[in-house]
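Working notes for the structure below.
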Amino acid sequence: MRLKSGIFVSALLRRANGAGAFAAVRRRGAEEAGAVFVIVATQDGKAALYGPALPSLDGAPEEEGVRLFTPLVPPGTPESEAEARMAREARYDSDLWLVEIEDRAGRCFLDLARD
1 MRLKSGIFVS ALLRRANGAG AFAAVRRRGA EEAGAVFVIV ATQDGKAALY GPALPSLDGA
61 PEEEGVRLFT PLVPPGTPES EAEARMAREA RYDSDLWLVE IEDRAGRCFL DLARD
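Numbered continuously in full-length UniProt numbering, the sequence shown closes out at residue 115.
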């Protein structure tokens with residue numbers, strides 16, 4: 001069973017804010033199953049964009065209830081590129097969530113898929 005997107009986002013906000021970063025919802029999506037995207041801005045004009053990872057092609061089972069993410073725009077990229085990619089995603093999926101985390105260290109507070 002997959003955790004509802006609204007609950008996942010709430011937990012992500014608490015985790016990031018509790019660690020000294022600033023996190024906020026920029027776009028509220030579908031409460032039940034909207035895709036979650038996260039922009040991590042390092043406050044120097046650079047950012048990364050993380051989105052849902054594709055299911056594993058090697059047949060390895062994923063842990064139940066764990067959402068995995070992958071960098072869509074790598075860390076250290078100009079923030080404008082992350083914003084442009086996010087605008088394209090939003091045109092494609094009107095039910096998505098967008099969370100922005102401002103953290104000088106660039107921490108994303110997400111579980112990342114292995115390459």
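Ideal placement from N, C-alpha and C gives every residue a C-beta, glycine not left out.
- When the alpha-carbon of Thr42 is set against those of Val9, Glu100, Leu96 and Ile7, the nearest one is in Glu100.
- In chain order, Thr42 and Gln43 place their CB closer than 7 angstroms to the CB of Arg104, counting only its own chain and leaving out the 5 sequence neighbours on each side.
- It is roughly 17 angstroms from the alpha-carbon of Phe37 to the alpha-carbon of Asn17.
- The distance from the Cβ of Gly106 to that of Pro75 is about 5 angstroms, consistent with a contact at the 8 angstroms cut-off.
- Annotation for Arg26: the continuous beta strand (DSSP E) segment containing it runs Phe22 to Arg27.
- Sequence-distant Cβ neighbours of Ala82 in its own chain, meaning closer than 7 angstroms and more than five residues away, are Ile39, Ala47, Ala48, Leu49 and Val73.
- A Cβ-Cβ separation of about 21 angstroms leaves Asp93 out of contact with Ala23 under the 8 angstroms criterion.
- Take Ser5, set aside five residues on each side of it, and the residues of its chain with a beta-carbon closer than 8 angstroms to its own are Gly29, Ala30, Glu31, Glu32, Ala33, Gly34, Ala35, Val36 and Trp97, in chain order.
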